[in-house]
Amino acid sequence: MTTAALPEHVLIDERGIAWIKGTRVKVIEIALDHLAHGWSAEEIARQHPELTLGQIHSALSCYYDNRAELEEMIAESYEFSRATSRSSGDTLLRLRLRAKGLLH
37 MTTAALPEHV
47 LIDERGIAWI
57 KGTRVKVIEI
67 ALDHLAHGWS
77 AEEIARQHPE
87 LTLGQIHSAL
97 SCYYDNRAEL
107 EEMIAESYEF
117 SRATSRSSGD
127 TLLRLRLRAK
137 GLLH
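When the letters of the sequence shown are read in order and numbered with the working numbering, they come out as residues 37 to 140.
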């Protein structure tokens with residue numbers, strides 16, 4: 037992601053990750069709240085009281101201006117999570133439930 041014409045409340049770190057300035061919140065997290073839950077900027081503000089509405093609008097603006105790149109990052113993260121969970125095998129809870137016949 038380029039740093040040219042970034043919204044006011046957004047910065048890009050040395051790894052190319054977009055963050056809301058002065059917070060520990062990534063732009064992609066706000067985008068996922070919007071996409072996964074269908075939340076409006078106002079609802080995101082209710083869910084993240086540490087952020088201003090201006091910060092949220094800046095994050096959403098950054099997402100829409102860089103949509104293809106951020107959606108590629110989301111897809112890569114999702115695939116990594118799926119691969120990791122498949123390779124990690126059963127959790128202790130799954131093993132216990134299976135031993136009790138509660139899970140097939």
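From the three backbone atoms N, C-alpha and C, an ideal C-beta is built for every residue, glycine too.
Local conformation of residue i per DSSP, three classes
i, result
"L47", "strand"
"S76", "coil"
Beta strand (DSSP E) segment containing residue i, residue limits
i, result
"A54", "A54 to I56"
Residue i classed as buried or exposed, judged by whether at least 16 other C-beta atoms fall within 10 angstroms
i, result
"I177", "With the chain covering only 37 through 140, there is no way to say anything about residue 177."
"L139", "exposed"
"P85", "exposed"
Range of the contiguous alpha helix (DSSP H) that encloses residue i
i, result
"S123", "R103 to S123"
"L68", "V63 to H73"
Near the ligand ADP: residue i beta-carbon under 8 Å from a heavy atom
i, result
"E107", "The ligand ADP is not among the ligands present in this structure, which contains no ligands whatsoever."
Practice item. Pair every Cβ in the segment 48-65 with every Cβ in the segment 125-132, then say whether three or more of these pairs are closer than 8 Å. Key: no
Exercise for review: Please confirm if the segment 41-56 is in contact with the segment 70-81, defined as three or more CB-CB distances below 8 Å between the two stretches.
Suggested key: no
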